[in-house]
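Numbering (the working numbering), first residue to last: 1 to 66. Structure first, commentary second.
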């Protein structure tokens, strides 16, 4: 138990925690968070396609009835 309270052991543990946190921050800083934008874009695209499809169906039904 005495070796856990040794200043060198405490210093090494603290240093390793700090270094690992810095490495994790560097790793996550380069991540791309474009998933939300991509999902939003795909949803808007889908909605536009649905609106165009409804419009085409409406126009085709009007042409057949005339």
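Every residue gets a Cβ at the ideal spot worked out from N, C-alpha and C, and that includes glycine.
Assuming the contact rule is C-beta atoms closer than 8 Å, residue i and residue j should be a hit. Round their C-beta distance to whole Å, please.
i: residue 3; j: residue 12; result: That pair is no contact at about 11 Å.
Nearest CA to the CA of residue i: which residue from the options?
i: residue 36; options: 23, 44 and 30; result: 44
Problem set entry | Runs of alpha helix (DSSP H) lying entirely within the region 7-57, each at least 4 residues, in chain order | 7-29
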